[in-house]
Every structure is written in C-alpha cells, then in structure tokens.
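The structure appears right after this line, and notes come after that.
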Amino acid sequence: MRAHLHGNTHSNFPQQLLKLGEGTFPFLNLDTNYAITLDETLGQMIHYLDSLIDAIYPDIENLHKNNFRWLCCRPIVSPRNETVNAINNLIMQKVPGEVKCYKPSLTSRTPSLTSRTPSLTSRTQYTIPRNF
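Quick note on numbering: this note's numbering labels position 118 of the sequence shown as 741, and the sequence is numbered without any gaps.
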C-alpha cells in the first residue's frame, strides 16, 4: 500500500502504519481491552459509519452528477466482510433510485464457454473465503 502524503514530507504516517500492521505499535492493556494511542497527525477519528461515509463521499446523493472515477478514487477498506457489507448497505441507502439485486450464476448459457472452461460446470470449484 502506498501512502499519499499530499506534500507533507515530514509525516510519520507510513512508519506508524507499518508498526500497526506488524503488531509492533505500542498499546495499552486496559483490563482485557487492548487500546492503541494514535498520533493526532495521522488523521481524524470518526466513530460512526455514517460520519465516515459523509466524510469520504460528500454529496453521495448526487452520485449521478459525478464522474465514476470520483467514486473509484475513494475506497473504504475493511478487514472484515461484515463491516464491508454494513458500509455498502449504508451507502446504498443514501443513493437515490431503485435497488436491484443481481444473483451470481454458477453455469453458463453458452455451451462453447462451459466446454472450454470446466470450472464453470462444477459446483465444487466455487469457494467463498471466510472472514479472517
């Protein structure tokens, strides 16, 4: 992952991010809860998903007026699928329009495609990764 410092060459964000990822970041053991103290220069703490979505996607209600590259340049990353699903659901509630749900297909209607690709015909080939 590359840290975008936006001209702040003195930021220690990349080093602190590496320490956090490697598990070497200093932490406090408050009874059974582990807590880390982040430097205020790392960013703004946001405690609610709605606030996070509003900060990253301002004016999401007018998504149809923005270029889709605008949306692609603002990812929210989470290590757990449950959190990703919650974030996606909150974002979809803010975007006007009818919700459509597309279900995946395990087979192809094109015989030539399934004959060339045996994994499309076998249900045992499809595995969904578990949260870790």
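Note that beta-carbon positions come from the ideal geometry of N, C-alpha and C, so glycine has one too.
{"Query": "Coil, strand or helix - F650 by DSSP", "Result": "strand"}
{"Query": "Cα-Cα separation, E645 to E721", "Result": "43 Å"}
{"Query": "Three-way DSSP call (helix, strand, coil) for R576 in this model", "Result": "Because residue 576 is not part of the residues shown, which for the chain are 624 to 755, the question remains open."}
{"Query": "Under 7 Å between C-beta atoms of L686 and V707", "Result": "no"}
{"Query": "Start-to-end residues for the alpha helix (DSSP H) that takes in M715", "Result": "704–717"}
{"Query": "Anticipated Cβ contact below 8 Å, I683 with I714, distance rounded", "Result": "7 Å"}
{"Query": "Option nearest D677 by Cα separation, candidates A658, N711, F650", "Result": "N711"}
{"Query": "C-beta atoms of I679 and R697 nearer than 7 Å", "Result": "yes"}
{"Query": "Euclidean distance between Cα positions of P637 and D673", "Result": "27 Å"}
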